[in-house]
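K.L.:
Protein chains in written order, with numbering that gives the first Met the number 0: chain A, 0 to 246; chain B, 0 to 244; chain C, 0 to 235. Every residue gets a Cβ at the ideal spot worked out from N, C-alpha and C, and that includes glycine.
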Amino acid sequence: MSVTAADTSAESTAVRARGLRKAFGAQVALDGVDLDLPAGTFLTLVGPNGAGKTTLLRMLAGLSRPSGGELRVLGAVPGPAAAALRARVGLVSHEPQLYADLSADENLRFFAALYGLPDPDARIDASLARVELRARRGDPVRTFSRGMTQRLAIARALLHAPSLLLFDEPTTGLDDRAVGILVDLLAELHDGSRTLILTTHRLDVGLRVADRVAVQARGRIVHEAKAKAIDPAAFAGLYASLTEGHA
Amino acid sequence: MTEPGLGVQDRMDTILRKVRNVTTPLAGFGLVAAAYFIVAYAPEEAEQGIVQKIFYGHVASAWASYLSFFVTFAASALYLWKRDRAWDLLALSAAEVGVVFCTAVLVSGPFWGKPIWGTWWTWDARLTTTLILWLIYVGYLLLRPFAGEGERGARFAAVVGIVGFLDIPLIHLSVRWWRTLHPKPIVMNAQGPQLPPEMLTTLLVTLVAFTLLAASFIAIRAEIERLRDLAAMLRRRAQAREGSR
Amino acid sequence: MSVAAEGRAARVTFGGAMLAVMRKDLALEWRTREIFSATVVFAALVLLTINFSFDPGQRAVEQMASGILWVAFVFAGMLGLGRSFVAERENACLDALALSPADPGAIFVGKAAANLIFLAVTEAIVLPLFAVLFNFPLGRAFPGLVLPLALGSVGFVGAGTLFAAISTQTRMREVMLPLLLLPVSIPVLIASVRITGTALAGRAVSESLPWIGLLVLCDALFLVAGTLLFGHLLED
Numbered sequence: 000m001s002v003t004a005a006d007t008s009a010e011s012t013a014v015r016a017r018g019l020r021k022a023f024g025a026q027v028a029l030d031g032v033d034l035d036l037p038a039g040t041f042l043t044l045v046g047p048n049g050a051g052k053t054t055l056l057r058m059l060a061g062l063s064r065p066s067g068g069e070l071r072v073l074g075a076v077p078g079p080a081a082a083a084l085r086a087r088v089g090l091v092s093h094e095p096q097l098y099a100d101l102s103a104d105e106n107l108r109f110f111a112a113l114y115g116l117p118d119p120d121a122r123i124d125a126s127l128a129r130v131e132l133r134a135r136r137g138d139p140v141r142t143f144s145r146g147m148t149q150r151l152a153i154a155r156a157l158l159h160a161p162s163l164l165l166f167d168e169p170t171t172g173l174d175d176r177a178v179g180i181l182v183d184l185l186a187e188l189h190d191g192s193r194t195l196i197l198t199t200h201r202l203d204v205g206l207r208v209a210d211r212v213a214v215q216a217r218g219r220i221v222h223e224a225k226a227k228a229i230d231p232a233a234f235a236g237l238y239a240s241l242t243e244g245h246a
Numbered sequence: 000m001t002e003p004g005l006g007v008q009d010r011m012d013t014i015l016r017k018v019r020n021v022t023t024p025l026a027g028f029g030l031v032a033a034a035y036f037i038v039a040y041a042p043e044e045a046e047q048g049i050v051q052k053i054f055y056g057h058v059a060s061a062w063a064s065y066l067s068f069f070v071t072f073a074a075s076a077l078y079l080w081k082r083d084r085a086w087d088l089l090a091l092s093a094a095e096v097g098v099v100f101c102t103a104v105l106v107s108g109p110f111w112g113k114p115i116w117g118t119w120w121t122w123d124a125r126l127t128t129t130l131i132l133w134l135i136y137v138g139y140l141l142l143r144p145f146a147g148e149g150e151r152g153a154r155f156a157a158v159v160g161i162v163g164f165l166d167i168p169l170i171h172l173s174v175r176w177w178r179t180l181h182p183k184p185i186v187m188n189a190q191g192p193q194l195p196p197e198m199l200t201t202l203l204v205t206l207v208a209f210t211l212l213a214a215s216f217i218a219i220r221a222e223i224e225r226l227r228d229l230a231a232m233l234r235r236r237a238q239a240r241e242g243s244r
Numbered sequence: 000m001s002v003a004a005e006g007r008a009a010r011v012t013f014g015g016a017m018l019a020v021m022r023k024d025l026a027l028e029w030r031t032r033e034i035f036s037a038t039v040v041f042a043a044l045v046l047l048t049i050n051f052s053f054d055p056g057q058r059a060v061e062q063m064a065s066g067i068l069w070v071a072f073v074f075a076g077m078l079g080l081g082r083s084f085v086a087e088r089e090n091a092c093l094d095a096l097a098l099s100p101a102d103p104g105a106i107f108v109g110k111a112a113a114n115l116i117f118l119a120v121t122e123a124i125v126l127p128l129f130a131v132l133f134n135f136p137l138g139r140a141f142p143g144l145v146l147p148l149a150l151g152s153v154g155f156v157g158a159g160t161l162f163a164a165i166s167t168q169t170r171m172r173e174v175m176l177p178l179l180l181l182p183v184s185i186p187v188l189i190a191s192v193r194i195t196g197t198a199l200a201g202r203a204v205s206e207s208l209p210w211i212g213l214l215v216l217c218d219a220l221f222l223v224a225g226t227l228l229f230g231h232l233l234e235d
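(1) State the Cα-Cα distance for the pair L89/B and P103/C, rounded to the nearest angstrom.
(2) In chain A, which residues lie less than 7 Å from E150/B when you measure between Cβ atoms?
(3) Quick check: is the beta carbon of L142/B nearer than 9 Å to any beta carbon in chain C?
(4) Could you tell me how far apart the beta carbons of A154/A and R129/A are, in whole angstroms, since I believe they sit closer than 8 Å?
(5) So what's T128/B in DSSP terms, helix, strand or just coil?
(6) Nearest chain A C-beta to R16/B closer than 9 Å, yes or no?
(7) Report buried or exposed for P117/A, applying the criterion of at least 16 other Cβ atoms within 10 angstroms of its Cβ.
(8) Since A16/A is in the beta strand (DSSP E), which residue starts that stretch and which ends it?
(9) Using the Cα positions of F110/B and L130/B, report the straight-line distance between them to the nearest angstrom.
(10) Helix, strand or coil for H231/C? Go by DSSP, reduced to three states.
(11) Tell me whether A112/C sits in a helix, a strand or coil according to DSSP, three-state version.
(12) With a threshold of 9 Å between beta carbons, is E168/A in contact with chain C?
(13) Three-state secondary structure (DSSP) at D33/A?
(14) Determine the direct distance from the alpha carbon of Y55/B to that of A221/B, and round the result to whole angstroms.
(15) Would you mind stating whether L91/B and S215/B have Cβ atoms separated by less than 9 Å?
(16) E234/C versus chain A: which residues are under 8 Å apart at the beta carbon?
(17) So, do the segment 38-50 of chain B and the segment 76-89 of chain B have three or more beta carbon pairs nearer to each other than 8 Å?
(18) Hey, quick one: how far does the alpha helix (DSSP H) through G112/B stretch, first residue to last?
(19) Confirm, please, whether the CB-CB distance from L55/A to Q215/A is below 9 Å.
(20) Compare the C-beta of A239/B with all C-beta atoms of chain A and state if any pair is closer than 9 Å.
(21) Select from the segment 183-200 of chain C all residues with a C-beta closer than 8 Å to any C-beta belonging to chain B, and list them in chain order.
(22) Indicate whether at least one CB of chain C lies closer than 9 Å to the CB of F68/B.
(23) Starting from L131/A, find everything on chain C with Cβ-Cβ shorter than 9 Å and list it in chain order.
(24) Taking all protein chains shown into account, decide if A164/C is buried (16 or more other Cβ within 10 angstroms of its Cβ) or exposed.
(25) Restricting to runs no shorter than 4 residues, where is the alpha helix (DSSP H) found entirely within the segment 152-219 of chain A?
(26) Along chain A, in chain order, which residues have C-beta atoms closer than 8 Å to that of G230/C?
(27) Give the residues of chain A in contact with R82/B, contact being defined as C-beta atoms less than 8 Å apart.
(28) Which residues mark the beginning and the end of the alpha helix (DSSP H) in which R71/A is found?
(29) Distance cutoff 9 Å, beta carbons only. Does F246/B sit that close to anything in chain C?
(30) With a threshold of 16 other CB atoms inside 10 Å of the CB of R227/B, please say whether the residue is buried or exposed.
(31) Distance, Cα to Cα, R143/B vs R154/B?
(32) Y98/A to L151/A, Cα distance in whole Å?
(33) Please state the DSSP three-state secondary structure of E28/C.
(34) Given that a residue counts as buried once 16 or more other Cβ atoms are within 10 Å of its Cβ, and exposed if not, what is A228/A?
(35) Identify the contact partners of L245/B in chain C, using a Cβ-Cβ distance below 8 Å as the criterion.
(36) With F141/C as the anchor, note down where its beta strand (DSSP E) starts and where it stops.
Below you can see the structure in the form of structure tokens.
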């Protein structure tokens, strides 16, 4: 199903999932995920390792095909045929997904070409400025710190101005200062023009910028609430009980 | 035992069981019939003597292997399309059976060749093509355990299963033309299209028997793999219940 | 910049994506020169090993020249192909490629094109090296060599790029690539050696027509299969 301009502006639900499953033979990664995410929201997905958070995000990004259930992202069904959808989704993984031997500028130029973006120079400049990496644009990514690489990955994800931005455990390997910069950036990005989903196993980061929080365990979403309504102490206890005995 | 979303696999279970129940006794009967035909009915070939009778099993094994690899090809394509583990099961089983029959060809060839022209191996067109096929599908089988978690191995192997099969006619042609540049006095091939009728009948009987045998093997092997999947699933369920207690 | 306007304006074409990938690979190789140095040195080593193992006299060299060349190309080529997805693997860039709206087939063709250029450069260096080491002048035969080298390299690189994408994501990848690639590319090898041999012997191209037809078929199979199937290697 193609995604037209009309869908773009009228789309009120960014993600709609019903009974989403991902299994191969006997291994089950997602065991019936239900989700309704309005456009413009910031959702944090918390859960222990092995809960299926990465699997879910990859499915939303179109990198993974569901074994069962329904999924609509920005009004379209993700999959190999949904190229137009992929042009509107961005993913920042905990792996950099950048070419270490090329410079920041060369990396962004490549991805701009890969996405078929018009006026790449202006976009690259704007993206680099946003993550405060303009000064290092000519340096090879190999010389970047983990935090800077992360910021460049975000710059890359912003190049094509996606309507849905996904962050998979972005705090991995970052020191507290870098986490702070990341959280500020996330707060900036949360301006209503895009939907954001963040997965993390760190409750403190998870609760800071989100509108909504969901808990994922054993391949399903077991709890959902508005972030404002959450008392951190009580939530920690609830989280522990929901994820007890997780592998 | 059913799991939601395993519908195709349930249907496949039933089909496999039916295929197995039909082909296995028929294959047994067919093998006995083929043995009779080969030993008693088919005449001895003038030049090569009784050793020539390996030809029937040799050619039938080659045929059975091509059949199996075709099943792998079709199942691989279906797996990539539908991403249903059932097709992957079938592709894997057929590939294993195909490799077994290939091995039979490669082993029976030397046993045929040594008594007749004194060498264990000749770069005969059929033997050479079979050796190449054997290597391709052994690669297919080796790919799976080395590719990591279950799904990737299935996908990669499916690509190999498709490309490998499509390559077969090209391998055939290139090896045959290459062979004509180095002609040997006698070729191991069948006695050309001019097979005496008794030999033709024997060959046909053997071909049918081996076809049934291949179908039976594939069905049984696929069932075994399916049972392994179910066992693993039950184990996981038990462990999950253990963990949450 | 409104989000809606961006979604409409950006569109990547097959050719655009292919060129982007090819340029990126060439730029990476220019920066590091890893593949180039490895393949050229290895090809020279292969020639050396052949020389000492077979110790061919002049007559033998004339008979085996085509084979010697293609052995060097195949083994050096495999080394280069094995490295073609290393950057993607080490930095998890395959996901980034799969994420983009670019057609996976375009990514495949772009990568194959880059690999073809790397192999062509290797061949361009190995040819004079062979001529010198084995005292086998290639000057007159050279025009006739272009066709088999081109067609054979395209076929080898086509299958090789597809299998390299597979082997790079598996354990024992150094073994996996030769195991997968060599049996499948035997038709390419046989045909290329035959056509090259005919050219080196100074005979007419028309003698090799059936082999050329076969080689073109192989090239078509691997390129089409690679373009259609590559997407399945990227997604989950």
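P.N.:
This is what the structure holds:
(1) 27 Å
(2) F23
(3) yes
(4) 7 Å
(5) helix
(6) no
(7) exposed
(8) 12-23
(9) 15 Å
(10) helix
(11) helix
(12) no
(13) strand
(14) 27 Å
(15) no
(16) G61, L62, S63, R64, P79
(17) no
(18) 84-116
(19) yes
(20) yes
(21) V183, I185, P186, I189, A190, R193
(22) no
(23) Sequence check: residue 131/A is Glu here, not Leu. Going along chain C, no residue has its Cβ under 9 Å from E131/A, so there is no contact; the nearest lies around 19 Å.
(24) buried
(25) 175-188, 202-208
(26) P79
(27) R64, S66
(28) Run containing R71/A: none in the alpha helix (DSSP H); it sits in the beta strand (DSSP E), 67-72.
(29) Lying outside 0 to 244, the shown extent of chain B, residue 246/B is not represented and no answer is given.
(30) exposed
(31) 9 Å
(32) 11 Å
(33) helix
(34) exposed
(35) Summary: the structure shown does not reach residue 245/B, with chain B confined to residues 0 through 244, and so no result is reported for it.
(36) No beta strand (DSSP E) contains F141/C, which is instead part of the alpha helix (DSSP H) from 141-166.
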